[in-house]
Amino acid sequence: MTQTIIEFKNVTKSYEETQVLTGVDLTIEAGKFYTLLGPSGSGKTTILRLIAGFSSATSGDIIFDGKRINDVPANKRRVNTVFQNYALFPNMNVFENVAFGMTLKGVNKAQIKEKVTTMLEMVQLAGYEDRSIDELSGGQQQRVAIARALANDPEVLLLDEPLSALDYKLRKDMQYELRELQQRLGITFIFVTHDQEEALAMSDWIFVMNEGKILQNGTPVDIYDEPINHFVANFIGESNIIDGVMREDYKVMFAGKEFENVDAGMRPNERVEVVLRPEDLDLTTPENGKLIVTIDAQSFRGDYYEISAHDDDNNEWRIQATNPSVLNSRQGLTFDPEDIHIMRFDESEDDFDARLENYEE
Amino acid sequence: MVEKQSRWANVYLVIMFLILYSPIFYLIFYSFNAGQYMQNFSGFSLVHYGELFADDRMLQIVLNTFVVALLSSLLATIVGTFGALGIFSVRNSFLKNLLLSLNNILLVSPDVIIGASFLIFFTLLGLSLGFGSVLMSHIAFSIPIVVLMVLPKLNEMNSSLIDAAQDLGANSWQVLTRVILPYLTPGIAAGFFMAFTYSLDDFAVTFFVTGNGFSTLAVEIYSRARQGVSLEINALSAMMFLISLALVAGYFFINQHNTTRKSKKGRGRG
């Protein structure tokens, strides 16, 4: 029952010498919450601007609802944008801002008034119609920007790092509200952020980007548990990434020892990278440990202790533990076979998916 | 120590303003003189004001001056605003700087040179000198002023405002009239007033391009002063000073009003 609404076919974008997008393919299905996640300069905002029509692709096709829209101007596209700095019109009050799109379309006054009221109620700003923009706090401006975009009944709502200017608590609240809003309205949201926590919390589907390429796409759980390469593993959450060798299927060697694991489909003795998430590691007595580590430092983080340690092979380990440890003591480190994730060097996303499918059957 | 410093600063300020304003007050003071010269104040009288209001030629010139100032600043504001938009939209940074420099050169080059070049230009074209030539040259020297006042406001404008307007369905004309121009209004107004005052008191350029039978205040006062200043000029200066004072006061109160409104809003912020 899913229907493709936006499709990129080998889209590239360059500004003079620099290439910001290198052959991007992506598919967006209607009614889901998508996130483009990447560091600044990764091309995620460029993708958003291409969808909105603020800039045009150097090559490739952008398909919207089955039609190529490369040459359709921004004001004729059925998408609306919430900007990073809100971009509210300072010479208009809240009502006029939200009504702007409808006023241009020549919707009659009564209808506009009704719609603006509904929109402001939806973003919890009922009664703010006559306020001027500079009377509003950052969070309120944010809500007006969302109301203004949604008042045009877009099929896709684009959000360009809309929460980055808000403080931590407000950002958390807005994450829930946006997610809830998207599910209630059933509109496709495409959300751009560099904050992996935000992406994991809100999205149905994440595209991880770096240097103008989509490195991996999938559900938050897939991407967190099975990052395709070093960059993704490092960017999404904290990771211990250690060089290893895949002896044979389901047997990997790292830190000078062989371990049982759940990955397969690689060449015997292939050099790989091993990922272990800090929260999957547990400290125990040296006798019970799969590895022996020495505790170097620890810091209290509220809900857990962040502990850093090194093993006898001099690999650094980060561990999240509920209880504090003793500095410079030797401790055992345990984990389960399914906590070990193997990344091959230079494996494409397609090959990765194919391999996973093969051995998971 | 700090108090002492600020007291000296105040004394300095007062002396400076006294020096700057005393000639004007001296002039105004003698406009009320019953005698004919700026010596020996022989008694209070409004006789020179009477002369001024009976002087049809002078009143006509005052009118001319205001008409030229109003028309030229209005037209220059329109041309200058679009010029600023044009310069702003140039992507090539070399070309942009070139245009900007060409604009600024007109602003800093001496009025005498501008006036002389206009005179050559108009005679080459065979245009008769008079109202038209004065108006055109005033428009021309006012345009760079307007550009200079509007451009910073444009640069300060968040470019995503334009994206947002397009995103919400505005075509280029609607983007311009509903978003850009309202945003630029303070800059446009400032440009208009600057152009207006420049035109009002311009002497050098006007002196070159004005022909027989048309004159503006600056030129007229200059030519009359050469034959010995009549106290009628003092009366006129006093009137002009009052008008300027009223304009400045009006500007001040409008500004004051806006800032208090702003600060009230600031306090209301959650």
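Taken in sequence, the protein lines are chains A and B.
Last residue of the first sequence: 925 (my numbering), numbering continuous.
Last residue of the second sequence: 272 (my numbering), numbering continuous.
The beta-carbon is built from N, C-alpha and C at its ideal position, and this holds for glycine as well.
| Asked | Found |
| --- | --- |
| Please go through the same chain and pick out, in chain order, the residues whose beta-carbon is closer than 7 Å to the beta-carbon of A/Gln583, but skip the five residues on each side of it. | Thr576, Gly776 |
| May I have the straight-line CA-CA distance separating A/Phe664 from B/Leu170, to the nearest angstrom? | 7 Å |
| Tell me which residues share the same chain as A/Thr849 and place their Cβ nearer than 7 Å to its Cβ, disregarding the 5 neighbours each side in the sequence. | Gly896 |
| Any Cβ of chain B within less than 8 Å of the Cβ of A/Leu668? | yes |
| Under three-state DSSP, which class holds B/Gln62? | helix |
| At a CB-CB cut-off below 8 Å, which residues of chain A make contact with B/Ser162? | Phe647, Gln648, Asn649, Ala651 |
| Alpha carbon to alpha carbon, what distance is there between A/Gln739 and A/Glu693? | 24 Å |
| Give the interface partners of B/Val293 over in chain A, defined as CB-CB distance under 9 Å, in chain order. | Here chain B covers residues 3 to 272 and nothing more, so residue 293 of chain B does not appear. |
| Can you tell me the Cβ-Cβ gap for A/Val680 and A/Ala715, rounded? I've got them flagged as a contact below 8 Å. | 7 Å |
| Under 6 Å Cβ to Cβ from A/Gly853, same chain only, skipping five residues before and after it: list those, please. | Gly896, Leu897, Thr898 |
| By the criterion of Cβ-Cβ separation under 7 Å, what are the contact partners of B/Asn280 in chain A? | The shown model of chain B, from 3 to 272, leaves out residue 280 of chain B, and the question about it has no answer. |
| Between the beta-carbon of A/Asn639 and the beta-carbon of B/Asn66, is there less than 8 Å? | no |
| With DSSP as the reference, please indicate the residues paired to A/Phe753 in a beta bridge. | A/Phe597, A/Leu721 |
| Going straight from the alpha carbon of B/Asn236 to that of B/Leu61, what length do you get? | 14 Å |
| Under a CB-based cut-off of 8 Å, is A/Met830 close to chain B? | no |
| For A/Ile615, report the span of its alpha helix (DSSP H) as first-last. | 608 to 616 |
| Using the three-state DSSP reduction, which class does A/Gly896 fall into: helix, strand or coil? | strand |
| Can you name the residues of chain B whose CB is closer than 8 Å to the CB of A/Asn716? | Leu170, Gly171 |
| When burial is assigned at 16 or more other CB atoms within 10 Å of the CB, is A/Lys631 buried or exposed? | exposed |
| Identify, in the order they occur along the chain, each residue of the same chain with its Cβ nearer than 6 Å to the Cβ of A/Tyr869, setting aside the five sequence neighbours on each side. | Gln862, Ala885, Pro888 |
| Shorter than 8 Å from the beta carbon of B/Asp57 to some beta carbon of chain A? | no |
| Closest Cβ-Cβ distance between B/Val152 and chain A: below 8 Å? | no |
| Output, in chain order, the set of chain B residues within a Cβ distance shorter than 9 Å of A/Gly665. | Asp169, Leu170, Gly171, Ala172 |
| How is the beta strand (DSSP E) around A/Ala885 delimited, first residue to last? | 880 to 885 |
| Name, please, each residue of chain B whose Cβ falls closer than 7 Å to the Cβ of A/Phe618. | Asp165 |
| Under 7 Å Cβ-Cβ, which residues of chain A neighbour B/Pro184? | Asn655 |
| What first and last residue would you give for the alpha helix (DSSP H) that runs through A/Gly624? | Segment 623 to 628 is the beta strand (DSSP E) holding A/Gly624; no alpha helix (DSSP H) there. |
| Within 10 Å of its beta-carbon, does A/Gln706 have 16 or more other beta-carbons around it, so buried, or fewer, so exposed? | buried |
| Give every residue of the same chain whose Cβ lies closer than 8 Å to the Cβ of B/Phe55, excluding the five residues on either side of it in the sequence, and list them in chain order. | Leu61 |
| Can you tell me whether DSSP reads A/Asn774 as helix, strand or coil? | strand |
| I need the DSSP call for A/Glu812, collapsed to helix, strand or coil. | strand |
| For a quick check, are the C-beta atoms of A/Ala819 and A/Ile806 less than 8 Å apart? | yes |
| Looking at the C-beta of B/Gln258, does it have a partner C-beta in chain A at a distance below 8 Å? | no |
| Let me see if you follow: with CB-CB separation under 8 Å, is B/Gly272 close to chain A or not? | Residue confidence is low: B/Gly272 scores 35 on pLDDT, short of 50, so the model does not pin down where it sits. No coordinate-derived value is stated. |
| For A/Asn634, decide whether its Cβ has a neighbour in chain B, counting only Cβ atoms nearer than 8 Å. | no |
| Comparing the C-beta of A/Asn672 with each C-beta of chain B, is any distance below 8 Å? | no |
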